[in-house]
Amino acid sequence: MKAVTRDLSSRVEKLDADKPAIQAALEADFQNKTRVLGTLNEKFHDELMQFVGESIDKVEKDFKRQDERLDALEKVESAPTSTGNQQHRPEDESTRAAMHELQEKYESVSVTMNSVQQEHAGLLERFAQADETIRAAVQGYRDDLAKKTETLEHQITVLDSQFNNLSTKSMAEQIIGHMETIYPTAQHIKTDLASLNTSIMEIKNQLGDTDIQDLQRNIPRLDAEMSHLRENFETMKAQIFNLTGIKTYDEEQHPTKRRRVEPNPSGPVHSILTNGNNLNGG
Numbered sequence: 079m080k081a082v083t084r085d086l087s088s089r090v091e092k093l094d095a096d097k098p099a100i101q102a103a104l105e106a107d108f109q110n111k112t113r114v115l116g117t118l119n120e121k122f123h124d125e126l127m128q129f130v131g132e133s134i135d136k137v138e139k140d141f142k143r144q145d146e147r148l149d150a151l152e153k154v155e156s157a158p159t160s161t162g163n164q165q166h167r168p169e170d171e172s173t174r175a176a177m178h179e180l181q182e183k184y185e186s187v188s189v190t191m192n193s194v195q196q197e198h199a200g201l202l203e204r205f206a207q208a209d210e211t212i213r214a215a216v217q218g219y220r221d222d223l224a225k226k227t228e229t230l231e232h233q234i235t236v237l238d239s240q241f242n243n244l245s246t247k248s249m250a251e252q253i254i255g256h257m258e259t260i261y262p263t264a265q266h267i268k269t270d271l272a273s274l275n276t277s278i279m280e281i282k283n284q285l286g287d288t289d290i291q292d293l294q295r296n297i298p299r300l301d302a303e304m305s306h307l308r309e310n311f312e313t314m315k316a317q318i319f320n321l322t323g324i325k326t327y328d329e330e331q332h333p334t335k336r337r338r339v340e341p342n343p344s345g346p347v348h349s350i351l352t353n354g355n356n357l358n359g360g
């Protein structure tokens, strides 16, 4: 559980550490796209102004040339010659044709300018949409990052609470109660020792003096086996204490005491203190 908590904590710390970098990258990308769109807008605006200026200059030159031709025609018409009347009609038709051509060019330029203006308006609208999309994406990334961080913090809080609950008194008592269904209690050991003592006395009464002498010769071996059994029992008892987290006292100075949970008809579990000397049948 501690490993999971540490892993989640390290992930949250890494996410918090990476948050400025992610935000900086998103801001840099947004600024880069904004600069690119701004450059394209300026370039299009310059080209549009150049095209419009060239078109206006061309129209002005055409108007100026037509004005010169009209002036020349007016001078020819003002001369009182017979040939002037004959040449007036072709020149007049040529002027009307030139004016018609100029009108067509003007209309063509007007159509082109309208198209350019519409395209420019479309580009401005696309730029605004792109700007809004980028801002929405950046905000979405920020919101998602905040939600993930909040979720991880909540999970860490829950796991930490669960881990703390494992060390409470009630949980320890429940663990001890379950352990006693597997390992023998002091009362069980006392009962077994009493039963063994009774069996030994019965066997002693049944045996004769010779058999008793034989048994006495085997006492050292039996003592060694009993010592070995006692060591195994003490080892098992120490393991139980280590698993339950209950502290023991020095047996030479104080009697060993431990908290044991036994079933109680009036409640789920209850605690009693048992003198450690009873564990050895005392």
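Counting the sequence shown from 1 gives a position; our numbering is that position plus 78. For each residue, glycine too, the CB sits at the ideal point set by N, CA and C. Because the structure is a prediction, the values reported are computed rather than measured.
Between Val130 and Tyr184, the C-beta spacing is not below 8 angstroms. Just measuring C-alpha positions, the residue of Ala316, Pro98, Glu91 and Arg308 sitting nearest Tyr219 is Pro98.
Taking one beta carbon from each stretch, the region 137-146 and the region 231-239 have fewer than 3 pairs nearer than 8 angstroms; the two do not touch. For Asn296, the secondary structure class from DSSP, reduced to helix, strand or coil, is coil. If you draw a straight line from the Cα of Ala150 to the Cα of Arg174, it is about 14 angstroms long. Around the beta carbon of Lys121, fewer than 16 other beta carbons sit within 10 angstroms, so the residue counts as exposed.
With 16 or more other Cβ atoms from the protein chains shown falling within 10 Å of its own Cβ, Lys315 counts as buried. Two segments are said to touch when three or more pairs of C-beta atoms, one from each, lie closer than 8 angstroms; by this definition the region 180-195 does not touch the region 100-120. Asn320 and Ser273 have their C-alpha atoms spaced approximately 29 angstroms apart. Listed in chain order, the non-local C-beta contacts of Asp221 below 8 angstroms within the same chain number zero, local neighbours out to five positions each way being set aside. Scanning its chain for C-beta atoms nearer than 8 angstroms, with the 5 sequence neighbours on each side dropped, one finds around Met177 the residues Gln144, in chain order. Using a Cβ distance threshold of 8 angstroms, Leu223 and Asn119 do not count as a contacting pair.
The straight-line gap separating the alpha-carbon atoms of Thr269 and Ile297 is approximately 23 angstroms. Val216 sits close to Leu104, with the two beta carbons spaced by under 8 angstroms. Ser188 and Ile100 have their alpha carbons spaced roughly 49 angstroms apart.
Going by C-alpha positions, Asn110 is about 31 angstroms away from Met191. The beta carbon of His198 lies closer than 8 angstroms to those of Phe122, His123 and Leu126 in the same chain, with the five residues before and after it left out. Pairing Asn275 with Ala302, the inter-Cα distance amounts to about 18 angstroms. Between the C-alpha atoms of Arg204 and Thr211 there is a straight-line separation of about 10 angstroms.
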